[in-house]
Structure formats: structure tokens, C-alpha cells
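Taking our numbering, the leading residue of the sequence shown gets 153, the next gets one more, and so forth.
What follows is a set of notes on a single structure, which appears directly below.
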Amino acid sequence: MQVFNHGAEWQKKWLQALKTDKTIGFVPTMGALHEGHLELIRASKKSTDLTVVSIFVNPIQFNNQEDFDKYPVLTTQDLKLLQKENVDFVFLPNQEAIYPKKPIINLDFGYLERVLEGKFRPGHFSGVGIIVSKLFNIIRPDIAFFGQKDLQQVAVIKKVVGDLSFPLKVNIVATVREKDGLALSSRNMRLSTQERRKALILFNNLEFAKNELLSGKNWLAIRKQIMLAFEAEPLAKLDYFELVHPETFQIYQEFDRSEKSFICVASFIGNVRLIDNLPIIP
Ligand code: PAF
Numbered sequence: 153m154q155v156f157n158h159g160a161e162w163q164k165k166w167l168q169a170l171k172t173d174k175t176i177g178f179v180p181t182m183g184a185l186h187e188g189h190l191e192l193i194r195a196s197k198k199s200t201d202l203t204v205v206s207i208f209v210n211p212i213q214f215n216n217q218e219d220f221d222k223y224p225v226l227t228t229q230d231l232k233l234l235q236k237e238n239v240d241f242v243f244l245p246n247q248e249a250i251y252p253k254k255p256i257i258n259l260d261f262g263y264l265e266r267v268l269e270g271k272f273r274p275g276h277f278s279g280v281g282i283i284v285s286k287l288f289n290i291i292r293p294d295i296a297f298f299g300q301k302d303l304q305q306v307a308v309i310k311k312v313v314g315d316l317s318f319p320l321k322v323n324i325v326a327t328v329r330e331k332d333g334l335a336l337s338s339r340n341m342r343l344s345t346q347e348r349r350k351a352l353i354l355f356n357n358l359e360f361a362k363n364e365l366l367s368g369k370n371w372l373a374i375r376k377q378i379m380l381a382f383e384a385e386p387l388a389k390l391d392y393f394e395l396v397h398p399e400t401f402q403i404y405q406e407f408d409r410s411e412k413s414f415i416c417v418a419s420f421i422g423n424v425r426l427i428d429n430l431p432i433i434p
């Protein structure tokens, strides 16, 4: 496994030598790796010749300073995990290598900025769009891998790739869950034992809503019942619980089996903000 810290090193020393006939899979991460990231890596290793993983906690995608300050950094442990997965290359830049100057551009994803994550985390998607563009320009992958857990991020990244004509494919990998259903996230390690138990309120209500919807109950009535359940849990603070189209993020007021539909949720559990989603009609 080769670790490099500068884009120029990758491009001069490796990329030119490799690019002739090998396909490059790329898994961008912010580190604190878990089984969800490892599934992205396994998907990349299955479908490409060489896998590059980046680890970079991107400051410009955090709309909350405390969230950035408390974001777990576990580089030594991460590198061991990547070595075990036989990753070929790891890009581990410092802030200076990525942002010698603070970027002055902003990306605006239109309607996607006004709903769900876009609405609750102003500036977040601009930060994601800028970092993935930089990383795509540096690594020049053939396929980039992202998790379905960040469903709206996937929609944003597909816009970046399409609108800016990046010559690469975006592959999506299903959400990995703990045995009890909690979606894996680097933020889970910030939950106390009690919060970890309460965090199941997200997955349990997604499952409940899915079953109720599929048995013919009215969506808005289900949603109201779920909002009351969140209100009754002192450790939870619900940002949204919505039924949406998974690409346009149009919010549905009623369930239509002929339309692609996912339920998306975001809630604080204590000070930790968690998101999750469940496909109803994929
Ligand atoms: O999903 C993440 O971990 C981050 O948003 C990403 C895509 C690595 C960009 O910083």
C-alpha cells in the first residue's frame, strides 16, 4: 500500500505509469473508517484494477464548527484497516495541500439546497461539491464509490459529475447497518451508551413507516405519528422525516407506488446529528 500526501506526487510518480491500461476506483472518505467504508472499498476492488482511498476531513463542508472540531480523527487505525483490505493507494493530504488558499467559489445546487440536508446545513453541499471536484481532478478515477446512506450527497455528486463533465462513473453502495439496524456512521462513536440505545429511534421509525405505508396507511398520518414519537424522546431533536424522490428530492405529500420513493430522516441524538434513509420503491 502506497501512501501519498500531495496530488503532484500521485500524478507524477504513479498516475502516468498506471493510467495506460488500468482502471482506477476511488473511495473518498473523511476517515474514522467503519464497515460501511470497507464495503465501498470492496466494491471498488471488485470492479476496478486499482483502488485509491482518500482521507481528508473537509472543513468547508461543516456548517457547524463543533461538529468539525469533534469529528473523529483515527489515522493510524484507518491505515491499518486499509492495509488489511489490500488497498493500493491512500491519499492523505493536510489542509495546506488541499486548500493553500480558502476557495472563494461557491457551488449552488438549486432546489437541492432548499430541502432536507440542503435546508438544514447551509453551505454543506457547496463544500462537498468543491472537495469532490478537487479530488476527482487530482486522482482522475474511472469509477468513484459513495454510500447510499448519504442519499442527497449522492444526488449532489451526480450533478457535479454531470454538470462539470467529469469523465467518471459514480457507483452507489447499499447502507451497512449494525445488527439492530443503526446505520453505520463515523459519528456513531460520539454517542454515549444511552444515546446509542436511543439512536435506534431513526431506524425503528423508518421501518415502522415503511410497513405502515406498504399496508396502505396514509403517509401524512404516519408522519404525524412519528413526529410525536420524536417529540416524546427528550434526547432526540428531529430535523426532518420526509418521503422523497431519491434523485430529484421532490417531497411527496402522498405515497404513490408507481413513483420511486425513499423515506429520509435526520435527527440529533444528544449533540450528535444522525441521518438515515430507507427505500420504499427503489
Ligand atoms: O461522505 C463523506 O465522507 C464526505 O462527504 C466526502 C464525500 C468524503 C467529501 O468530503
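All C-beta atoms in this analysis are idealised placements derived from N, C-alpha and C, irrespective of residue type, glycine included.
These figures come from a predicted structure and were not determined experimentally.
In the segment 157-237, which residue ranges form an unbroken beta strand (DSSP E) of at least 3 residues, counting only runs that do not cross its ends? 176-181, 202-207
Can you tell me which of the three DSSP states Q300 falls into? coil
Identify every residue that forms a DSSP beta bridge with L395. I415
Could you pull the start and end residues of the alpha helix (DSSP H) that R375 belongs to? 371-383
Please state if the CB of K197 and the CB of R342 are separated by a distance shorter than 9 Å. no
Could you please give the first and the last residue of the uninterrupted alpha helix (DSSP H) stretch that includes L134? Lying outside 153 to 434, the shown extent of the chain, residue 134 is not represented and no answer is given.
Could you name the residues that DSSP lists as bridge partners for F261? Beta-bridge pairing links F261 to no other residue.
For the alpha helix (DSSP H) containing R348, name the first residue and the last one. 345-350
Can you determine whether any heavy atom of the ligand PAF sits closer than 8 Å to the C-beta of V328, and answer yes or no? no
Flag P319 as yes when its Cβ comes closer than 8 Å to any non-hydrogen atom of the ligand PAF, and as no otherwise. no
Around the C-beta of G279, are 16 or more other C-beta atoms found within 10 angstroms, so that it is buried, or is it exposed? buried
Using only CA atoms, which one of I433, L202, D391 lies nearest to N363? I433
Rounded straight-line distance, which links the Cα of G314 to that of G333: 33 Å
Straight-line gap, S337 to R329 (C-alpha atoms, nearest Å): 9 Å
Does the beta-carbon of I256 have 16 or more other beta-carbons within 10 angstroms, so that it is buried, or is it exposed? exposed
Would the segment 230-246 count as touching the segment 268-278 if we require 3 or more Cβ pairs under 8 Å? no
Using 8 Å as the cut-off, classify the Cβ of P180 as near or not near the heavy atoms of the ligand PAF, replying yes or no. yes
With respect to the beta strand (DSSP E) encompassing F241, which residues constitute its N-terminal and C-terminal limits? 241-243
Simplified DSSP state of N246, which is helix, strand or coil: coil
For L192 versus T181, is the C-beta distance shorter than 9 Å? yes
For S206, verify whether its CB is less than 8 Å away from any heavy atom of the ligand PAF. yes
Measuring CB to CB, does L244 end up less than 9 Å from F220? no
Reduced DSSP category for K254 - H, G, I as helix; E, B as strand; rest coil: coil
For R329, which residues does DSSP report across the bridge? A335
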